[in-house]
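Quick note: the sequence shown uses the numbering used here, first residue 13, plus one each step.
No residue lacks a Cβ here, since even glycine has one placed at the ideal position from N, Cα and C.
Below: one structure, written as structure tokens.
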Amino acid sequence: ALQKAFALSPEDKNIGLALSQAFIAAGFRSAAQETLELMTRRHPRDLGLLMQLGRVYESDARTGEAYKTYRRILDLVLSPPLDVYLLLTRTAMRLGRYVEAKLFIDDFLAQGGTDSQIDDWRKMLPPR
């Protein structure tokens, strides 16, 4: 039913997002990725689509692509969702970008993250 709705309304980002989530739930990650890539080309400023696409990249071990996708969110808005900082910290760490990871932690705190959340994140960082 979602595929038919998407075929009828290919510009509808909500249908595209729902379809990609259905693909993920069914285990069709490449179909979800293709749908999200198409939707982010059509709606390049949609944070929900970008976050979902980044998560799909991460789950497919495409850490560099996930990192770039999350960075796009920072370029789009002044106050991104706090989850973006966690996702950026995690992908930066996986890419060995520890200095950037520390900066994302500081940005998270500046945007309203709690001290206990920051302490949990700092534990992810390698010792100095």
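From the options, residue whose alpha carbon lies closest to that of residue i
| i | options | result |
| --- | --- | --- |
| ARG109 | LEU59, SER91, ASP132 and THR75 | THR75 |
| ASP72 | VAL96, THR103, LEU50 and PRO92 | THR103 |
| LEU29 | LYS80, THR47, PHE40 and ARG41 | THR47 |
| ALA202 | TYR79, GLY66 and ALA44 | The requested residue 202 is not part of the displayed model; the chain covers only 13 to 140. |
| ASP118 | ARG106, ASP132 and LEU107 | ASP132 |
| ALA124 | LEU99, ASP95 and ARG106 | It is Gly, not Ala, that sits at residue 124 in the sequence shown. Among LEU99, ASP95 and ARG106, the Cα nearest to that of GLY124 is on ASP95. |
| ALA107 | LEU62, GLN45, LEU50 and GLU77 | Inspection of the sequence shows that residue 107 is occupied by Leu rather than by Ala. Nearest of LEU62, GLN45, LEU50 and GLU77 to LEU107, Cα basis: GLU77. |
| LYS25 | ILE85, LEU115, THR52 and ARG134 | THR52 |
Cβ-heavy atom distance, residue i to the ligand MN, below 6 Å
| i | result |
| --- | --- |
| GLY125 | What this structure holds is no ligand at all, so the ligand MN is not there to describe. |
Terminal residues of the alpha helix (DSSP H) in which residue i lies
| i | result |
| --- | --- |
| GLY28 | 25 to 37 |
Within the segment 75 to 139, ranges of the beta strand (DSSP E) (whole runs, at least 3 residues): none
Three CB pairs or more closer than 8 Å across the segment 51 to 61 and the segment 35 to 43: no
Completely contained alpha helix (DSSP H) runs for the segment 53 to 77, where each covers 4 or more residues: 59 to 71
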